[in-house]
Amino acid sequence: MEKISKEKRSKIMSAIRSRNTKPEMIVRKYLFAHGFRYRINHPRLPGHPDIVLRKYRTCIFVNGCFWHGHDCQKGHLPKTRQEFWTEKINRNKQRDKEEQRKLADMGWHCITVWECELSSARRESTLKSLEFTLNHIYLEDHTVHYKPIEDDNYGMAAEPDIH
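Each residue of the sequence shown is one higher than the one before, counting from -17 in my numbering.
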């Protein structure tokens, strides 16, 4: 394994974006093309969710597998400084859990889309599943629930005349 200078490593790490990432753009383009309208990185919500759909009261987090500790091939730890990375990723996971709990307490639904789920082989099924889930959430939240009539003394509106 080749050694990289501290300056070069710093430059590489500073180029990693937290917003407008490729996986995030894939999800946003799909949602917009399918009629979903959203806001990005809403400043007044805990955790500044990547995508916020107010109509659906839903926040979508598009997480990188490495940075958020997903249990997949992309989520493995580097061989160097494992203690540092384990601690950092565990903090990220704890923060994610806390932010989603706060959002749930505020009445928001939270969906996490993982980077590995947007690989070319799995992308279509992941995005269709996301669309289905959003529509299901909307229907559940906007369904009119009727209370059952408990009193059986109500007759039919047009009772037959029996003589």
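Ideal placement from N, C-alpha and C gives every residue a C-beta, glycine not left out.
Item	Value
Proximity winner among Gly57, Ala103, Gln82 and Asn74, relative to isoleucine 42 (alpha-carbon distances)	Gln82
Spatial neighbours of arginine 1 in its chain, beta-carbon cut-off 7 Å, leaving aside the 5 residues before and after	Asn23
Close Cβ partners of asparagine 74 (< 8 Å) along its chain, the five nearest in sequence each way excluded	Trp49, His50 and Gly51
N- and C-terminal bounds of the alpha helix (DSSP H) containing asparagine 72	64 to 87
Phenylalanine 43 (DSSP reduced to helix, strand or coil)	strand
Per-residue DSSP class, three states only, for arginine 36	helix
Same chain only: Cβ atoms within 7 Å of glycine 89, ignoring 5 sequence neighbours per side	Arg39
Continuous beta strand (DSSP E) stretch holding histidine 30: start and end	That residue, histidine 30, is in no beta strand (DSSP E); it is neither H nor E in DSSP.
Sub-8 Å separation of valine 97 and lysine 56 beta-carbons	Position check: residue 97 holds glutamate in this sequence, whereas valine was assumed. Yes, they are a contact pair.
Rounded Cβ spacing between methionine 6 and aspartate 32 (contact assumed at less than 8 Å)	One point to set straight first is that residue 6 is glutamate, not methionine, in the sequence displayed. That belief holds up - the Cβ atoms of glutamate 6 and aspartate 32 are roughly 5 Å apart, short of 8 Å.
Backbone secondary structure at isoleucine 131 - three-state DSSP	coil
Supposed close pair isoleucine 93, threonine 115 - CB separation, criterion 8 Å	6 Å
Three-way DSSP call (helix, strand, coil) for arginine 21 in this model	strand
Proximity of tyrosine 20 and valine 34 at Cβ, strictly below 8 Å	yes
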